[in-house]
Amino acid sequence: MISKRLEQEELEQGAILQPKNDVVFQALFTRGKETITKAFLEDVLKIKIHKLDLDKSKDLLNDNKIDKNGRLDLRAIINDNVECDIEIQLEPHEKVLERFLYYWSKMYTANVQVGHKYKELRKTISIIIVDKEINELKDIKKAHTTWHIREDEYKENVLTQYLQFDIIEIRKAIEEYKKNKDDEVLQWMMFFENPEDAEVKRIMENNEDIKEAKEELDEISRNDILRRMALKAEIERMDQEQRMYEARRDGRKEGKKEGIKEGKREANLETAKKLLDEKIDIDIIIKATGLTKEEILNINKK
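This is the structure in structure tokens:
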């Protein structure tokens, strides 16, 4: 009932859609103008893009029916020789890094089939934008981190350039932006967080790419079909978050009950031990503690 009311209110208000919503994100960077995606990728990867091919399919399909299929927000081929995906995660879970690696491996191996040669493999980059802090990265202050395979002692030596992860944490980016307002990646994160913020309007005065992205977002927000898809995705996310909260809450309640029960049992065992030492009849001990005869007889065997 709450979900339906929220959907109706949002549709009536006609508010601008949020680029962090995965439906909106894909529409903006896949269905929108290619120049926006190109500019964003150049800012994140610090490379010049001469050619950009956007793959409209989000599925990483495979022939193994028991294998897991992956879904990406955006997949692209850069300059004919680099595979790249961009994914936005609003609610990263405790195994989110393993999930990122799994998706990367799907993209990397998708280029080669049986009978093909290793030279046909491409460098594969995963760009992951997360709304909340990743626990494993909490000691790293900067918002944008780039990851490769390196030797433990000779850290400057990269084993292969074919693997690269770029992880951007929006929460950290907002804080870092206060000290470094000229960083284009941080400017993009400010746009993702709130495209109508006064500071984003200031950013657009000098950043034509983000200004173009905002104009495209305004256009997307006027599309009723996309609005409904985006709202549906947001409501599903909120429902999932609520279900997870309820599961944690119920788990804590159950754990508390079990803790109380275990504590009471330990106290009864202690009482029974003292009564046994006093040579009290076992039937009386059973009535006094609620323990079974077997539990009481096993006390002195431990």
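All residue numbers for the sequence shown refer to my numbering, where the first residue is 68 and numbers rise by one. Virtual Cβ for every residue (Gly too), placed ideally from N, Cα, C. Just so we're clear, the structure is a prediction, and the values are computed from it rather than from any experiment.
8 Å CB neighbourhood of Ile353 in its chain, flanking five on each side removed | Thr359, Lys360 and Ile363
The beta strand (DSSP E) with Lys190 in it runs from where to where?
-> Lys190 to Val197
DSSP state of Ala143, grouped into three classes?
-> strand
Where does the unbroken beta strand (DSSP E) through Glu279 begin, and where does it stop?
-> Looking at the DSSP string, Glu279 is not in any beta strand (DSSP E); the run it does join, the alpha helix (DSSP H), is Glu275 to Ser288.
For the beta strand (DSSP E) holding Leu230, just list the boundary residues, first then last.
-> Leu230 to Glu236
Between the beta-carbon of Gln231 and the beta-carbon of Val197, is there less than 9 Å?
-> no
Leaving aside the five residues before and after His215 along the sequence, list all residues of the same chain whose C-beta is less than 7 Å from its C-beta, in chain order.
-> Val225, Leu230 and Gln231
contact_flag[the segment 205-219, the segment 259-268] where n(CB pairs < 8 Å) is 3 or more = Output reads no: the segment 259-268 does not touch the segment 205-219.
Using DSSP bridges, identify the partner residues of Gln156.
-> Val197
Give me the Cα-Cα distance between Thr191 and Glu329, rounded to the nearest whole angstrom.
-> 52 Å
Which same chain residues, not among the five before or five after Thr102, have their C-beta less than 8 Å away from its C-beta?
-> Its chain contains Asp276 and Glu279 as the residues whose beta carbon lies nearer than 8 Å to that of Thr102, once the 5 sequence neighbours on both sides are disregarded; these appear in chain order.
Are the C-beta of Leu226 and some C-beta of chain D separated by less than 9 Å?
-> Among the chains of the structure shown, chain D does not appear; only one protein chain is present.
Own chain partners of Lys113 with C-beta closer than 6 Å, once the 5 adjacent residues on each side are dropped = none
Answer with buried or exposed for Lys87, where buried requires no fewer than 16 other C-beta atoms within 10 angstroms of its C-beta.
-> buried
If we ignore side chains and look at the alpha-carbon of each, how far apart do Trp171 and Asn148 end up?
-> 16 Å
Using a threshold of 9 Å, state whether the C-beta atoms of Asp233 and Ile207 are closer than that.
-> no
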